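Novice:
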Amino acid sequence: MLPHPSANTALFIPRSYRLHLWFLGLFILGWMLISGIPTARADTDGSGLPPIDARAYILMNAQTGAIIAAKNAYRPYAIASITKLMTLYLLFKDIHAGGLQVHQEFVPCPAALETGGSSMFMHPGLHFSVAQMILGMTVPSGNDAAVEAAHLVAGSVPAFVREMNQTARKIGMLSTTYYDPDGLPHPNNTASPYDIAILTKRIMTDFPQYMHFFNHENFTYAGITSPNPNLLVGRVPFITGMKSGYTDAAGHCLVATGTQNGVQLIAVILGVPSFTDENRGFWKASWQSLKLLDWGFARTLWLPAVPHLEKTSAP
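Numbering (my numbering), first residue to last: 4 to 318.
Rendered as structure tokens:
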């Protein structure tokens with residue numbers, strides 16, 4: 004029988020028991036490695052942050068701007084269709100200023116119809132509303148919708164891209180360069196997770212009336228229904244949006260926003276390792292974002308405050 008520990012006596016464990024536990028732990032670790040189960044690095048700062056399988060990420064409080072967790076957050080990376088967040092921000096500004104109206108209708112311009120990649124399926128002569136164009140960007144990530152928005156707001160893609168870069172500098176996105184409004188691959192189309200979080204925060208703060216556009220599971224236009232690659236939308240109650248992206252260079256990327264008990268968080272995840280099956284890649288990006296947000300809400304709402312953990316930088 005083991006002796007009962009007291010306040011002044013350390014718990015005594017016989018040597019045979021200690022060897023047994025040591026070999027058991029070694030066996031479990033070896034089995035995990037052989038089975039291909041990922042093992043997290045030691046949690047050296049005590050934050051409890053789960054392993055996030057991505058090239059870079061940031062978790063930000065949308066109300067205060069406080070950075071709760073980060074990895075490679077200030078380095079620019081390819082961002083694919085996350086580019087469309089700036090396109091949407093400038094479109095929202097134009098609507099707010101009275102240049103366009105949400106229910107106003109147009110037919111697509113030739114440049115939009117000629118744009119390749121992901122699409123909201125614009126057709127020659129088929130009318131669309133500005134609201135449909137917005138959903139065409141936020142749900143199926145339509146490149147045709149982004150190019151159309153650029154023409155409606157600035158008259159041409161080059162003029163719109165200049166406005167994108169000027170606005171990025173104005174709001175503090177100092178590691179960002181835009182080359183197009185849609186995010187089609189180009190080496191000059193890059194941003195850091197921090198910059199994307201800043202932009203997302205501005206959308207949430209400046210245009211809360213348009214946040215509902217980011218929270219649709221599906222979008223139907225021209226008789227075609229497209230699903231939202233952000234698989235958290237419509238499935239996780241606290242998720243409010245926001246935008247997905249994918250190219251070979253960027254990997255799978257996701258900006259996810261959530262609200263619980265009045266607290267709003269932004270998770271930006273770039274470069275989740277890609278799969279041959281693109282849908283599987285978006286599932287993984289959604290899962291990484293959910294882990295980050297879930298941990299963030301636990302830290303913010305329910306666990307005791309530990310000031311130094313607000314500067315967590317996971318390995």
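We put the beta carbon where it would ideally sit given N, CA and C, even for glycine.
Quantities reported herein were computed from a predicted structural model and do not represent experimental measurements.
(1) Using the C-alpha atoms, what's the distance from I199 back to G119?
(2) Since G237 and A253 should fall inside the 8 angstroms C-beta cutoff, what is the C-beta to C-beta distance between them, to a whole number of angstroms?
(3) Residue range of the alpha helix (DSSP H) that A59 falls in?
(4) Over what stretch of residues does the alpha helix (DSSP H) that includes P197 continue unbroken?
(5) DSSP three-state call for Y182: helix, strand or coil?
(6) Which same chain residues, not among the five before or five after E313, have their C-beta less than 8 angstroms away from its C-beta?
(7) Measuring alpha carbon to alpha carbon, tell me which of V266, Y197, V156 and L268 ends up nearest A100.
(8) By a C-beta neighbour count over all protein chains shown, 10 Å radius and 16 as the cutoff for buried, is Y77 buried or exposed?
(9) State yes or no: is the beta carbon of A253 nearer than 9 angstroms to at least one beta carbon in chain C?
(10) Can you check which of these residues, I206, T67, T141 and A57, is closest to A81 by C-alpha distance?
(11) Terminal residues of the continuous alpha helix (DSSP H) containing N221?
(12) Look at the alpha carbon of K2 and the alpha carbon of P276, and state the distance between them as a whole number of angstroms.
(13) Please classify N192: is it buried, with 16 or more other beta-carbons within 10 angstroms of its beta-carbon, or exposed?
(14) Please look up how many angstroms separate the CB atoms of H106 and A134, rounded, as I've assumed it's under 8 angstroms.
(15) Using a Cβ-Cβ cutoff of less than 7 angstroms, which residues in the same chain neighbour L304 once the five nearest sequence positions on both sides are dropped?
(16) Helix, strand or coil: which one does DSSP assign to L123?
(17) Suppose the cutoff is 6 angstroms on Cβ atoms and the five residues either side in sequence are ignored; what does the same chain contact list for N75 look like?
(18) DSSP state of W298, grouped into three classes?
(19) Are the segment 162 to 171 and the segment 121 to 133 in contact at 8 angstroms, needing three or more beta carbon pairs?
(20) Can you say whether Q104 is buried or exposed, counting buried as having 16 or more other CB atoms within 10 angstroms of its CB?
(21) To the nearest angstrom, how far is it from the Cα of Y213 to the Cα of F95?
(22) Please confirm whether T141 and N231 have their CB atoms less than 9 angstroms apart.
(23) May I ask which residues mark the beginning and end of the alpha helix (DSSP H) holding G244?
(24) Can you give me the start and stop residues for the beta strand (DSSP E) that H255 sits inside?
(25) Would S247 pass as a contact of F285 if the rule is Cβ separation under 9 angstroms?
(26) Pick from T250, G244, A301 and F300: whose alpha carbon is nearest that of S289?
(27) When the Cα atoms are used, what is the spatial distance from M136 to H219?
(28) Using the C-alpha atoms, what's the distance from R302 back to E108?
(29) Whole angstroms is fine: what's the gap from L235's alpha carbon to A225's?
Specialist: In this structure, then:
(1) Within the sequence shown, the letter at position 116 stands for residue 119. Within the sequence shown, the letter at position 196 stands for residue 199. So the alpha carbons of these two residues sit roughly 24 angstroms apart.
(2) As a working mapping, residue 237 is identified with position 234 in the sequence shown. As a working mapping, residue 253 is identified with position 250 in the sequence shown. Wrong, their Cβ atoms sit about 24 angstroms apart, outside the cutoff.
(3) The residue you call residue 59 lines up with position 56 of the sequence shown. Run containing A59: none in the alpha helix (DSSP H); it sits in the beta strand (DSSP E), A59 to N64.
(4) Your numbering for residue 197 matches position 194 in the sequence shown. Looking at the sequence provided, one finds Tyr at residue 197 rather than Pro. Note, Y197: alpha helix (DSSP H), P196 to D209.
(5) The residue you call residue 182 lines up with position 179 of the sequence shown. Coil, per DSSP.
(6) To locate residue 313, count along the sequence shown from 1; it is residue 310. Low confidence applies here, because E313 scores a pLDDT of 43, under 50, leaving its location unreliable; read the following figure in that light. So the qualifying residues of the chain are A69, I70 and I71.
(7) Residue mapping note: residue 100 aligns to position 97 of the sequence shown, counting from 1. Answer by Cα proximity: V156.
(8) The residue given as residue 77 occupies position 74 in the sequence shown. Counting Cβ neighbours within 10 Å, Y77 comes out exposed, since fewer than 16 surround it.
(9) Protein chains in the displayed structure number just one, and chain C is not present.
(10) Taking the first residue of the sequence shown as 1, we reach residue 81 at position 78. That would be A57, whose Cα lies nearest to the Cα of A81.
(11) Taking the sequence shown and counting its residues from 1, one reaches residue 221 at position 218. From DSSP, N221 is part of no alpha helix (DSSP H) but of the beta strand (DSSP E) over N221 to Y224.
(12) Lying before the first or after the last residue shown, residue 2 is absent from the chain, which here runs from 4 to 318.
(13) Translated into positions along the sequence shown, residue 192 becomes position 189. N192 is buried by the Cβ-count criterion.
(14) Here residue 106 is taken as the residue at index 103 of the sequence shown, counted from 1. Here residue 134 is taken as the residue at index 131 of the sequence shown, counted from 1. Indeed they touch by this definition, with Cβ atoms about 6 angstroms apart.
(15) Within the sequence shown, numbered from 1, the residue matching residue 304 stands at position 301. Excluding sequence neighbours, L304 sits near Q263, N264 and V266.
(16) Translated into positions along the sequence shown, residue 123 becomes position 120. According to the sequence shown, residue 123 is Met rather than Leu. Here M123 sits in coil by DSSP.
(17) Residue numbering aside, residue 75 sits at position 72 when the sequence shown is read from its first letter. Result list for N75: A59, in chain order.
(18) Position 295 of the sequence shown holds residue 298. In this structure, W298 counts as helix in the three-state DSSP scheme.
(19) no
(20) The residue labelled residue 104 in the question sits at position 101 within the sequence shown. Flag for Q104 reads exposed.
(21) Counting from 1 along the sequence shown, the entry for residue 213 is found at position 210. Counting from 1 along the sequence shown, the entry for residue 95 is found at position 92. Rounded to whole angstroms, Y213 to F95 spans 8 angstroms at the Cα level.
(22) As a first step, residue 141 is located in the sequence shown; it is residue number 138 there, counting from the start. As a first step, residue 231 is located in the sequence shown; it is residue number 228 there, counting from the start. Contact flag set, yes.
(23) By 1-based counting over the sequence shown, the position of residue 244 is 241. G244 -> not in any alpha helix (DSSP H); beta strand (DSSP E) instead, spanning I242 to T250.
(24) Here residue 255 corresponds to residue number 252 of the sequence shown, with the count starting at 1. Where H255 is concerned, the enclosing beta strand (DSSP E) stretches over G254 to Q263.
(25) For the purposes of this step, residue 247 is taken as the residue at position 244 of the sequence shown. For the purposes of this step, residue 285 is taken as the residue at position 282 of the sequence shown. Yes, they are a contact pair.
(26) Within the sequence shown, the letter at position 286 stands for residue 289. Per the Cα distances, G244.
(27) Counted from its first residue, the sequence shown places residue 136 at position 133. Counted from its first residue, the sequence shown places residue 219 at position 216. Whole-angstrom Cα-Cα distance: 14 angstroms.
(28) Within the sequence shown, residue 108 is the residue found at index 105, counting from 1. Within the sequence shown, residue 302 is the residue found at index 299, counting from 1. Near 45 angstroms, if we compare the C-alpha coordinates of R302 and E108.
(29) Start at 1 with the first residue of the sequence shown, and residue 235 comes out as number 232. Start at 1 with the first residue of the sequence shown, and residue 225 comes out as number 222. Rounded to the nearest angstrom, the two C-alpha atoms are 25 angstroms apart.
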